[in-house]
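Here's the structure we're looking at; comments come further down.
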Amino acid sequence: MPALLLATAIVLAACGGETAGQQATAPPAPVVQTMTVRLTDVPNVIELSGRARAYAEAEIRPQVTGIISERLFKEGDTVKKGQALYQIDAAEYSAAVRSAEAALTRAEATAAVARETAARFERLASINAVSQQEYDQAVASASQADADIGIQKAALDRARIDLARTKISSPIEGRIGRSSVTQGALVTQNQTEPLARVLQTNPIYVDLTVSSARLLSWRQQIADGEIATTDQNTVPVDIILGDGTPYPQAGDLEFSEVNVEESAGTVAVRVVVPNPEDMILPGMFVRAKFIAGYYENVATLPQSVVSRTPTGDATVMVVDKDGTVRQRRITVEQNTDNTWTVLSGLNAGEQVATANLQSIRDGMKVQPEPASEQTSAAKETRGGSK
């Protein structure tokens, strides 16, 4: 019996030592950085991509045929409305004007003689010195001579117009581009190829394309006062250049298009942007953004914190007070600064895991550690934290 008790004691001691060793080697709960959910009001920022278009564009073409005798501008310069750009050799058109003036003088002289003859025949017809037929013919000749005067006046006006068109002027104010012809080139009336192009770039248009449903929503938000407007009933818009630089002047969103593109169901809207320094050039891609109301009592999270399920639902890892990780489905709306606006699914004061997301799973015990910087704290743009 004593030997049996001794053997039992030895076995129990061995088992106890093994259990203690296993407990000593069990890994500790992983440390996970967390952030505290804060609720605030977040602006609903609408951001769209667009392309800059000239405010006005004119293609310079000749209206008469001739040889370019002089180019009167420097490529790339700003030209005024009515400024002369090209001079066509005007010798032939000057001669045509002189010829038309002479023809008009001759027609006026002929008409004067015809009117005197008609007046004389009228007196002679009253005493039956000439026949009625001769008198009628004299009156008709006088009327015909007066009509010839009108024809010659019109011909003179046309000759003067052609002479004036030998000096090709700019119909708008703007910057002129490269000239397609040089001095001595032959140009023809209303030719297909333009001599140059003048673009008015101050102000400048930024064309945006939105769905018709979204446009209707914007109009309703404007009517409800959720989208701020100016005194001219336009929406102020911030412009971001292609390199990410904010443009220093705001534009005005105008709902000018009245047709819907049937194939895509979209509508083109325009932003009118001041462009005194020509920083925005026609053809450039830019981004336009404006505030369309506010999300109230919502949180913001970095995009790296939010995951997606196979079905596309957004989820985050919430750490309970006892250190247990719980996967939470949330409803989000993308923001413009690499963050998500959380519309539902989180409460104020909850802890959301922000690091080691690949190594934790639902139901795991962790050691929460507040992050040194609340990088995901909501921007207090209206009303402050709540």
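Numbering (mature numbering (1 follows the signal peptide of the UniProt record, and there is no 0)), first residue to last: -20 to -1, 1 to 366. C-beta atoms are modelled at their ideal positions from N, C-alpha and C, and glycine is treated no differently. On a predicted model such as this, the values are computed, not experimentally measured, just so you know.
Since A38 is in the beta strand (DSSP E), which residue starts that stretch and which ends it?
T20 to I40
Rank V93, N182 and F101 by C-alpha distance to the C-alpha of N255 and give the top, closest one.
N182
Have a look at the DSSP bridge pairing and note the partners of K269.
E27 and D218
Can you name, in chain order, every residue of its own chain whose Cβ lies under 8 Å from the Cβ of Y227, other than the five neighbours on each side?
D218, I219, I220, L221, V253, M259, I260 and V266
Please classify L281: is it buried, with 16 or more other beta-carbons within 10 angstroms of its beta-carbon, or exposed?
buried
Cβ atoms of A91 and D142: under 9 Å apart, would you say?
no
Considering just the uninterrupted stretch of the beta strand (DSSP E) at T319, what are its terminal residues?
T319 to S324
Rounded C-beta distance between Q283 and S150? I'm assuming under 8 Å.
Contact doesn't hold; Cβ gap of about 50 Å is too wide.
Extent of the continuous beta strand (DSSP E) run through G231:
G231 to E234
Applying the criterion that 16 or more other CB atoms from any shown protein chain within 10 Å of the CB defines a buried residue, is R78 buried or exposed?
exposed
Using DSSP with H/G/I as helix, E/B as strand and the rest coil, what is R95?
helix
C-alpha gap between D137 and A80, whole angstroms
9 Å
So is L166 buried or exposed if we call it buried at 16+ other beta carbons inside 10 Å?
exposed
Looking at C-alpha atoms only, which residue of G164, L195 and R341 is the closest neighbour of E234?
L195
Can you look up K345 in the DSSP assignment and give me helix, strand or coil?
strand
Counting beta carbon pairs with one atom in the stretch 40 to 55 and one in the stretch 186 to 202, are three or more of them shorter than 8 Å?
no
Under the rule that 16 or more other beta-carbon atoms within 10 Å means buried, what is V346, buried or exposed?
buried
Separation of T20 from T334, as counted between CA atoms
20 Å
Could you tell me which residues DSSP puts in a beta bridge with D142?
Answer is none; D142 lacks a bridge partner.
CA-to-CA distance, R51 to residue 374, given in whole angstroms:
Past the boundaries of the shown model lies residue 374; the chain is included only from -20 to 366, so the question cannot be answered.
First through last residue of the beta strand (DSSP E) which encompasses A193:
Note, A193: premise wrong, no beta strand (DSSP E); alpha helix (DSSP H) at S192 to D204.
Whole-Å CB distance - V251 paired with A268, under 8 Å assumed
5 Å
Leaving out the 5 sequence neighbours to the left and right, which residues in its chain are closer than 6 Å to E88 when beta-carbon positions are compared?
I129
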